[in-house]
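Numbers 5 to 463, taken from the numbering used here, label the letters of the sequence shown in order. Yeah, the Cβ is synthetic: ideal placement off N, Cα and C, and Gly gets one too.
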Amino acid sequence: MPAPTPAPDPSPAAPRPLRVALLGCGVVGTQVARALLEHADDMAARAGAPLELVGIAVRDASRPRDGVGTVVPRELLTEDAASLVDDADLVVEVMGGIEPARTLIRRAIASGASVVTANKALLAEQGPSLFEAADAAGVDLSFEAAVAGAIPIVRPVRESLAGDHVRRVLGIVNGTTNYVLDQMATHGLGLEEAVTEAQALGYAEADPTADVEGFDAAAKAAILASLAFHTRVSIDQVAREGITSVTADDVAWARRTGHAVKLLAIAEQTEEGVSVRVHPALVPLDHPLAAVRGAFNAVFVEADGAGPLMFYGQGAGGRPTASAVLGDLVSAARDRLVGGKGPHESAYASLPVLPAEAAVTRYQVRLLVADRPGVLAQVAGVLADHGVSIDTVRQTAAEPPAGVAAEPSAGVGADGTGVASLLLTTHAAREASLSATVAALGDLEPVREITSVLRVEGV
Ligand code: NDP
Ligand code: HSE
Numbered sequence: 005m006p007a008p009t010p011a012p013d014p015s016p017a018a019p020r021p022l023r024v025a026l027l028g029c030g031v032v033g034t035q036v037a038r039a040l041l042e043h044a045d046d047m048a049a050r051a052g053a054p055l056e057l058v059g060i061a062v063r064d065a066s067r068p069r070d071g072v073g074t075v076v077p078r079e080l081l082t083e084d085a086a087s088l089v090d091d092a093d094l095v096v097e098v099m100g101g102i103e104p105a106r107t108l109i110r111r112a113i114a115s116g117a118s119v120v121t122a123n124k125a126l127l128a129e130q131g132p133s134l135f136e137a138a139d140a141a142g143v144d145l146s147f148e149a150a151v152a153g154a155i156p157i158v159r160p161v162r163e164s165l166a167g168d169h170v171r172r173v174l175g176i177v178n179g180t181t182n183y184v185l186d187q188m189a190t191h192g193l194g195l196e197e198a199v200t201e202a203q204a205l206g207y208a209e210a211d212p213t214a215d216v217e218g219f220d221a222a223a224k225a226a227i228l229a230s231l232a233f234h235t236r237v238s239i240d241q242v243a244r245e246g247i248t249s250v251t252a253d254d255v256a257w258a259r260r261t262g263h264a265v266k267l268l269a270i271a272e273q274t275e276e277g278v279s280v281r282v283h284p285a286l287v288p289l290d291h292p293l294a295a296v297r298g299a300f301n302a303v304f305v306e307a308d309g310a311g312p313l314m315f316y317g318q319g320a321g322g323r324p325t326a327s328a329v330l331g332d333l334v335s336a337a338r339d340r341l342v343g344g345k346g347p348h349e350s351a352y353a354s355l356p357v358l359p360a361e362a363a364v365t366r367y368q369v370r371l372l373v374a375d376r377p378g379v380l381a382q383v384a385g386v387l388a389d390h391g392v393s394i395d396t397v398r399q400t401a402a403e404p405p406a407g408v409a410a411e412p413s414a415g416v417g418a419d420g421t422g423v424a425s426l427l428l429t430t431h432a433a434r435e436a437s438l439s440a441t442v443a444a445l446g447d448l449e450p451v452r453e454i455t456s457v458l459r460v461e462g463v
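Below, the structure is given as structure tokens:
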């Protein structure tokens, strides 16, 4: 008689805890640690196994810090990040910077750990080699928090839109500069004054260069473009211009012409390739991005099938950013428990990344000209010579809008000639043609000054 088949064990052994190493205990790391410790049961239930925080690497473990010794046990802190990584199933990198973050992530991957990072600077510079290493090792390298903080944008573009064709991504992905431009628009502040205020509120760092010069947004644009167009885009391929040349006058005149000035990250596919750029731009007041106020972020995605989609929320801050990190961590844990892996980096399309001069957009140009017959024709001739088509021309009113310094519109120039202020908007033109046009306008005898050149997006 055959032996009876053993009955299935009604109480299978609980899965062993997954060991989590946290690299960094700053603004974001502290909140990740807090959530892992305070919500351990929820995390375990959602992941399918306990997520055990085994250590937190910092530069200086003896330094007093908020939350450590209370919510986060001090014994978890270590200055030996490498040993911590070697002993983990899951590594969360929230230390920032290129090194030692890169080496530690590579080490984690090599030892078979999945990695979650918020480090856009590293991904925009070294992403491809790290993704290759993760794919080869069969582990996850997740980075939702690296673009627009709490806003789920990486996953929707990479997974939800995987069957669609993304045409364009327009985003406000830097909260500091959005706050600064918003303060300039609503309170008439100058740039420096608004940056100082952003620093006092903790939005801008003591050295605000990464934000105001557009480096932070450029890193995020490179990551978004790579995902949207299945093409590797690095930060040095992003045409970048920050907000330092935006004046209070620009912001006030923008409102007068029905626009808001926003620092945009733009990634779009054209027939020639992919154009990725970061620059201040005029956005029509009825466009959803114009309504994004303060330090909030928003990303507007246009896809063939889905049409326009808007993602909005907090792009920075400890708890919002930790939310995105923890979402990735739970997903990576789930993948690990089933022996699988999330989507790998897809760069199959490998489209050409176009130089800055090839970008095509509309422009608004403000200039002061001698007010005499034939000048408008001369100005129009310069644009025509460069193949730039004029959409509208208007001689602005002598009365400036509130908060705008009076221009000598309809006044008298130093040479005794009347001076008029012209506002031109163009149809879509190449960046290269517009630059040449502006240079030629500057050389035109009746042109007294080119007051401002701003791109117009979102029309
Ligand atoms: P912080 O500067 O607040 O914290 C960095 C932490 O990493 C600190 O605990 C620091 O240790 C530790 N650290 C830095 N270098 C080393 C090192 N060489 N060895 C060991 N530990 C180190 O940074 P944030 O928390 O603000 O940012 C972390 C990451 O998250 C960055 O990549 C950032 O771009 C990204 N991010 C941040 C957002 C935010 O709102 N802050 C939003 C979205 C992304 P110690 O404390 O001892 O100095
Ligand atoms: N400095 C960034 C911002 C936050 O102002 O949006 C981190 O991405």
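Check: residue i C-beta below 7 Å from any heavy atom of the ligand HSE
i	result
glycine 319	yes
tyrosine 316	no
asparagine 178	yes
aspartate 211	no
glycine 153	yes
tyrosine 352	no
aspartate 220	yes
aspartate 186	no
aspartate 215	yes
tyrosine 207	yes
DSSP bridge partner residues for residue i (one or two, in chain order)
i	result
glutamine 318	Phe300
lysine 224	In DSSP, lysine 224 forms no bridge with anything.
histidine 263	Pro288
threonine 82	Ala61
serine 146	Val120
Whole-Å CB distance - residue i paired with residue j, under 8 Å assumed
i	j	result
valine 383	leucine 426	7 Å
serine 437	arginine 370	Their Cβ separation, rounded to whole angstroms, is 18 Å, which puts serine 437 and arginine 370 out of contact at 8 Å.
leucine 387	glutamate 276	No, leucine 387 and glutamate 276 are not in contact; Cβ-Cβ is about 23 Å, not under 8 Å.
serine 335	glycine 343	Their Cβ separation, rounded to whole angstroms, is 14 Å, which puts serine 335 and glycine 343 out of contact at 8 Å.
valine 95	alanine 17	Their Cβ separation, rounded to whole angstroms, is 25 Å, which puts valine 95 and alanine 17 out of contact at 8 Å.
leucine 231	valine 280	At roughly 12 Å, the Cβ-Cβ gap does not stay under 8 Å, so leucine 231 and valine 280 are not in contact.
arginine 366	arginine 459	7 Å
valine 397	alanine 433	That pair is no contact at about 15 Å.
aspartate 139	threonine 180	Wrong, their Cβ atoms sit about 34 Å apart, outside the cutoff.
Euclidean distance between Cα positions of residue i and residue j
i	j	result
serine 354	alanine 210	38 Å
leucine 185	proline 21	47 Å
glycine 30	glycine 298	23 Å
valine 453	asparagine 123	This sequence places glutamate at residue 453; valine is not what is there. Using only the alpha carbons, I get a separation of about 43 Å.
arginine 23	glycine 116	12 Å
alanine 86	leucine 108	7 Å
isoleucine 247	leucine 267	7 Å
valine 305	valine 173	5 Å
glycine 175	alanine 252	22 Å
glutamate 79	alanine 256	54 Å
glutamate 411	glycine 311	Residue placement at glutamate 411 is poorly supported in this model, since its pLDDT is 48, which falls under 50; the coordinates are not used for a value here.
isoleucine 102	leucine 126	5 Å
valine 451	threonine 430	18 Å
phenylalanine 135	aspartate 447	50 Å
alanine 406	arginine 38	In this prediction, alanine 406 has a pLDDT of 48, which is less than 50 and means its spatial position is unreliable; nothing more can be read from the coordinates.
aspartate 308	phenylalanine 315	17 Å
heavy atom of the ligand NDP below 7 Å from residue i C-beta
i	result
asparagine 182	no
arginine 110	no
threonine 251	no
alanine 86	no
arginine 4	The question about residue 4 has no answer here: the residues shown for the chain are numbered 5 through 463.
glycine 199	According to the sequence displayed, residue 199 carries valine and not glycine. Answer for valine 199: no, Cβ out of range of the ligand NDP.
arginine 1	Since the displayed the chain opens at 5 and closes at 463, residue 1 lies outside it and no answer follows.
glycine 52	no
lysine 224	no
glycine 101	yes
threonine 107	no
proline 77	no
Three-way DSSP call (helix, strand, coil) for residue i in this model
i	result
lysine 345	coil
tyrosine 183	helix
alanine 166	coil
proline 19	coil
serine 87	helix
glutamate 403	Bear in mind that a pLDDT of 44 at glutamate 403, under 50, signals an unreliable position, so the model cannot answer this.
proline 412	With a pLDDT of 44 at proline 412, under the threshold of 50, the modelled position of this residue cannot be trusted, and the question is left open.
threonine 251	coil
proline 54	coil
serine 456	strand
leucine 293	helix
glycine 175	strand
alanine 208	coil
alanine 137	helix
Heavy atom of the ligand ADP within 7 Å of residue i beta-carbon
i	result
aspartate 332	This structure simply doesn't include the ligand ADP; it includes the ligand NDP and the ligand HSE instead.
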